[in-house]
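Chains as they are written, first to last, in the working numbering: chain A, 44 to 527; chain B, 221 to 472.
Built from N, CA and C at the ideal position, the CB exists for glycine as well.
Below: one structure, written as structure tokens.
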Ligand SMILES: Nc1ncnc2c1ncn2[C@@H]1O[C@H](COP(=O)(O)OP(=O)(O)O)[C@@H](O)[C@H]1O
Ligand SMILES: [Mg+2]
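See the structure below:
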């Protein structure tokens, strides 16, 4: 495409709008900004938590105060002022809702604008989806709870789980991501306010997709959610989370911790469609997405992470799997799109401890505008993990010549029987590809979407059917007008 | 149908088409022959609207409208189709998905709804059968790992689905074995009608045994320097282009 045309199309890019940038005018109960032991005590009191959890939080806070914000990632941003954040915000009245009629209409409207149907009857492709919704700091609605309960499945907000299933939460909380794992996991442990909890009993195959939508609404707040998914022996579950936030000039901090536990023969598929506000075209505002996600797979268990990352100003995230038991399988499928001034440093860690463990990493990075997109991954084979296998493939697609794509693959193989394969490619959308599409009547915008979807196909195919279409549209919107 | 007048086109300041004239009437088949580098592919690309080429002079008129400034996708919507000499690969986009996007884009431009999956499937199956493309082929990534013959058959498959008013075939026969040639020619002939036209670019007279041209043109150094009937193609294949060069010299 000629230079003038290219310039025009890149200009158009700047007119592409973030669809979820609205703010809901809803009365909320928000703490004053600042972080201290008293604030943590107040959060814990507000949530009527047991003593052990308050202690756990306070210990985390103590540890956090001694830690430093990490700076090894290939991202550049001002360190958040942790005293300038409110650590608790909840829509009023405190939602202990029995039916939809009790939900604030403003809130309902928010959800419909987010494209979330709370209609429990609604079925997509014949598959029901149970939804938990976390707005700012609290869970406001979980659907299908009763249907699931009949199978012994527990799916509720983590706050509820702390009250109703304290033994399960206490046993597993922090068992996969230790409090002191990193700066943000310590912070999250001190101040987390809500999130989802899910337990699938032994031998149970969860009959529907479980999903959580996270929404930051209030300004000046941080979101620190905590998700814990446990699949007991032989259980199977597919879980999806989606995230959006209003358009604001300030940077908002999101520091979540997700822990997955797959016991013997269990299988957890965890999918994320991350669409936090990415900031303006000039790089103003946007969410700082600093997330720790990790899973443990026991004997013959399988963990599959799939992520479509299109939002956030800065992303720092490595969903990882500890392949603890023999024969465990870990998978990581990722599409990360960055545009304008977005920065993403994302990838995975596959830690092979068991014999005959196997991991697959497919990472697709798409960069446009002035963005920076890095893949960072570690494949580690422990000394006594025999016959471990890994296959990694990292592909980058560049649009224009002002963006960057980087790959940082680390391999630590301490057992000679292991087999590790790594492939990487970098490509651009060529003028010839665009002209070919144009000649067939497909305009440049649609051609880019088509080519990008083709590029990300192996990952998109891993998403639950109901969400694959949504994710494709999201890719399209994120890249509107960006052609090189 | 198509009237090209005194067309000059250049790339990076280098003039490739140097005052080219060509008129194609409805229902006609025109063959264009000429040595490598004469500007045959450039002519196709310029008619199709590739904007890396700059049209510096002259006009391209299609169905009564000057289309010089029209975007390539708009020209496609009006019924111009080009079978590429070197079709590009689009990884991860299947043959089916691509043709679907193409058909629906054209329909959208005409203010029509997308075809239903059922209608689309029927259309694709029917045309794929004509080009002897099997189901497995339809779910492969576009042109990735295709043999030369598969690429060309896929081009003609797309043409058959889109049913263009003007088809430009740029060396679609090069590298085809005799069976593939027959299949491809059959695809082209099936489209023949009093209101459709074709420009067939080729080096070989054998294609013209299957697709019989009304006119044969010689494109040389950016101009059409000679026009004749089918016998001209035979003479060119037999004698090459030297005699044309001689003739040109003599005339100058
Ligand atoms: N993209 C391009 N950049 C520079 N020169 C080109 C380009 N495309 C074609 N040309 C030149 O234009 C002339 C005609 O090429 P082409 O139209 O492909 O000829 P033909 O198809 O008749 O063999 C050749 O000299 C070729 O080198
Ligand atoms: Mg050519």
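By the criterion of Cβ-Cβ separation under 9 Å, what are the contact partners of residue i in chain B?
| i | result |
| --- | --- |
| residue 493(A) | 310, 313, 317, 318, 321 |
| residue 388(A) | Per Cβ cutoff of 9 Å: no residues; residue 388(A) is ~25 Å from chain B at best. |
Going along chain B, which residues have a C-beta under 8 Å from residue i?
| i | result |
| --- | --- |
| residue 474(A) | 272 |
| residue 481(A) | 269, 291, 292, 293, 296 |
| residue 489(A) | 321, 325 |
| residue 408(A) | In chain order: nothing, as chain B lies at least about 15 Å away. |
Between the C-alpha atoms of residue i and residue j, what's the straight-line distance to the nearest angstrom?
| i | j | result |
| --- | --- | --- |
| residue 516(A) | residue 326(B) | 20 Å |
| residue 521(A) | residue 450(B) | 54 Å |
| residue 254(B) | residue 440(B) | 6 Å |
| residue 335(A) | residue 303(A) | 11 Å |
| residue 137(A) | residue 214(A) | Reliability of the predicted coordinates at residue 137(A) is poor, the pLDDT of 40 falling under 50, and the value obtained from them is presented with this limitation in mind. So the alpha carbons of these two residues sit roughly 28 Å apart. |
| residue 333(B) | residue 323(B) | 11 Å |
| residue 236(B) | residue 444(A) | 29 Å |
| residue 311(A) | residue 350(A) | 14 Å |
| residue 258(B) | residue 380(B) | 28 Å |
| residue 298(B) | residue 279(A) | 53 Å |
| residue 489(A) | residue 331(B) | 17 Å |
| residue 324(A) | residue 348(B) | 45 Å |
| residue 421(B) | residue 359(B) | 29 Å |
| residue 121(A) | residue 476(A) | 39 Å |
| residue 83(A) | residue 209(A) | 19 Å |
| residue 143(A) | residue 471(A) | Any reading at residue 143(A) is ruled out, since the residue's pLDDT is 48, under 50, leaving its predicted position unreliable. |
| residue 433(B) | residue 248(B) | 8 Å |
| residue 346(B) | residue 428(B) | 26 Å |
Grab me the residues of residue i's own chain with a C-beta within less than 6 Å of its C-beta, minus the 5 sequence neighbours each way, in chain order.
| i | result |
| --- | --- |
| residue 455(A) | 423 |
| residue 405(B) | 430, 431 |
| residue 159(A) | At residue 159(A), the pLDDT of 49 sits below 50, so the modelled position is not reliable; the number obtained from the coordinates is stated separately. Closer than 6 Å at the Cβ level, and outside the excluded window around residue 159(A), lie 256. |
| residue 410(A) | 381, 416, 441, 446, 448 |
| residue 375(A) | 348, 391, 404 |
| residue 265(A) | 128, 296 |
Which residues share a DSSP beta bridge with residue i?
| i | result |
| --- | --- |
| residue 388(A) | 359(A), 417(A) |
| residue 373(A) | 346(A), 402(A) |
| residue 342(B) | BP columns for residue 342(B) are empty, so no partner. |
| residue 528(A) | This structure cannot settle anything about residue 528(A), because the visible part of chain A is limited to 44 through 527. |
| residue 393(A) | 364(A), 422(A) |
Please list, in chain order, all residues of the same chain as residue i whose beta carbon is under 8 Å from its beta carbon, the five residues on each side excluded.
| i | result |
| --- | --- |
| residue 310(B) | 318, 361, 362, 363, 364 |
| residue 243(B) | 222, 223, 224 |
| residue 139(A) | Low confidence applies to residue 139(A): its pLDDT is 45, below 50, so where it sits in the model is not reliable enough to give any reading. |
Given residue i, which residues of its chain have a CB within under 7 Å of its CB, disregarding the five upstream and five downstream residues?
| i | result |
| --- | --- |
| residue 141(A) | In this prediction, residue 141(A) scores a pLDDT of 47, lower than 50, which makes its location untrustworthy; no coordinate-derived value is stated. |
| residue 225(B) | 241, 278, 279 |
| residue 426(A) | 457, 458 |
| residue 276(B) | 228, 229, 230 |
| residue 368(A) | 307, 340, 341, 342, 343, 344, 397 |
| residue 320(B) | 340 |
Under 8 Å between the Cβ atoms of residue i and residue j?
| i | j | result |
| --- | --- | --- |
| residue 400(B) | residue 425(B) | no |
| residue 394(A) | residue 366(A) | yes |
| residue 314(B) | residue 344(B) | no |
| residue 295(B) | residue 268(B) | yes |
| residue 319(A) | residue 330(A) | yes |
| residue 116(A) | residue 229(A) | no |
| residue 315(A) | residue 293(A) | no |
| residue 419(B) | residue 306(B) | no |
| residue 474(A) | residue 436(A) | no |
| residue 131(A) | residue 270(A) | no |
| residue 408(A) | residue 379(A) | yes |
| residue 382(B) | residue 304(B) | no |
| residue 249(A) | residue 196(A) | yes |
| residue 267(A) | residue 231(A) | yes |
| residue 357(A) | residue 383(A) | no |
| residue 298(A) | residue 274(A) | no |
List the residues of chain C whose Cβ lies closer than 7 Å to the Cβ of residue i, in chain order.
| i | result |
| --- | --- |
| residue 444(A) | Here chain C cannot be found, since the structure's protein chains are A and B. |
So with CB distances below 7 Å, who are the chain B contacts of residue i?
| i | result |
| --- | --- |
| residue 485(A) | 293, 321, 322, 325 |
| residue 500(A) | 312 |
Below 9 Å on C-beta distance, what does residue i contact in chain A?
| i | result |
| --- | --- |
| residue 378(B) | 483 |
| residue 337(B) | Correct list: empty, because the minimum Cβ distance to chain A is about 14 Å. |
| residue 307(B) | 479 |
Using a C-beta to C-beta distance shorter than 7 Å, which residues of chain A count as neighbours of residue i?
| i | result |
| --- | --- |
| residue 302(B) | 482 |
So with CB distances below 8 Å, who are the chain A contacts of residue i?
| i | result |
| --- | --- |
| residue 329(B) | 484 |
Any heavy atom of ligand 4 within a distance shorter than 7 Å of the CB on residue i?
| i | result |
| --- | --- |
| residue 390(B) | This structure does not include ligand 4; its bound ligands are ligand 1 and ligand 2. |
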